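Anchor point for the sequence shown: position 14 equals -3 in this note's numbering, and the numbering is continuous, going up by one each time. Think of the CB as a built atom: it goes at the ideal place given N, C-alpha and C, for glycine as much as any other residue. All figures in this text were calculated on a predicted structure; none of them were measured in a lab. Notes to accompany the following structure.
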Amino acid sequence: MSDYRLEAEPRSQFGKGAARKIRRDHKVPAVMYGHGSAPIHITLPAHDAMMALKHANVLLTIVLEGKEQLALAKDVQRDPIKPVIDHVDLVIVKKGEKVTVDVPVHLEGDAAPDTIVTTDSTSLELEVEATHIPESIIVSVEGLAAGTQILAGQVELPQGATLVGDPEALVVNVTAMMSEEALEADLSGEDAAPAEPTVVGEDSDA
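Structure below.
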């Protein structure tokens, strides 16, 4: 996975007005906490933070007053309109420490002809070392036939990773593509006028 080094500065002003001023100065307000330490309020360089936080579960090296600290982004608040980060919550991690994260699932390869591949789970919840978080989990669908299903417990995980979520959760489902004839028949059935219901007790001679 990608490692990013961000030079942080201590922050002593709070509130919406202070946050707006920080962002005007091309910085991002952030807070760093974990391992029993009191929250540390900092600012991060906006451009560098934006580039780093494009990656899922990116491991950050935060440099504050000459000291380095590993951290993961726990919550990233983004502007709904502009490509701007409003605030970042960082959780402190240590080398060798296990963390639980959601890792995106990416499909690779082509299934058998005339099939449709759907992804039912777009990510898997894994327990991994903080310094060895995979950017994604690659699942091969190469040559898979219709009717094939891949469950979470069947996905090959990176070394050292453990599945935390439900092993029976459906990840990939391969189904047969509907033929043109079957599709036309299905559409014809939908267009057909429904039969009038028979009223129980109705006198047919009335």
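Within 8 Å, strictly: CB atoms of residue i and residue j
i	j	result
residue 86	residue 71	no
residue 73	residue 13	yes
residue 110	residue 78	no
residue 117	residue 141	yes
residue 67	residue 7	no
residue 103	residue 170	no
Neighbourhood of residue i by C-beta distance below 7 Å, restricted to the same chain and skipping five residues each side
i	result
residue 62	69
residue -14	42 and 44
residue -6	12, 24, 25 and 26
residue 146	107, 109, 135, 136 and 140
When the options are compared against residue i, the one with the closest alpha-carbon
i	options	result
residue 245	1, 50, 83 and -4	Absent from the structure is residue 245, since the part of the chain shown begins at -16 and ends at 189.
residue 137	36, 53 and 148	148
residue -9	-3, 2, 11 and 38	11
residue 97	132, 161 and 26	161
residue 159	76, 153, 132 and 26	132
residue 105	128, 155, 115 and 75	155
residue 23	129, 47, -13 and 152	47
residue 115	129, 76, 153 and 33	76
residue 33	0, 9 and 17	9
Integer-rounded CB distance, given that residue j should sit under 8 Å from residue i
i	j	result
residue 42	residue 144	Not confirmed; about 15 Å, so no contact.
residue 107	residue 120	6 Å
residue 45	residue 15	6 Å
residue 35	residue -11	7 Å
Close Cβ partners of residue i (< 8 Å) along its chain, the five nearest in sequence each way excluded
i	result
residue 2	12, 69 and 70
Same chain, Cβ closer than 6 Å to residue i, neighbours up to 5 away in sequence not counted
i	result
residue 100	94, 124 and 157
residue 27	-11, -9, 11 and 13
residue -3	none
residue 187	Note that residue 187 scores 48 on pLDDT, short of 50, meaning its location in the model is unreliable; the coordinates nonetheless yield the value given after this. No residues qualify anywhere along the chain.
| request: Say whether the stretch 51 to 58 touches the stretch 87 to 107, bearing in mind that this needs 3 or more beta-carbon pairs closer than 8 Å, one atom from each stretch. | output: no
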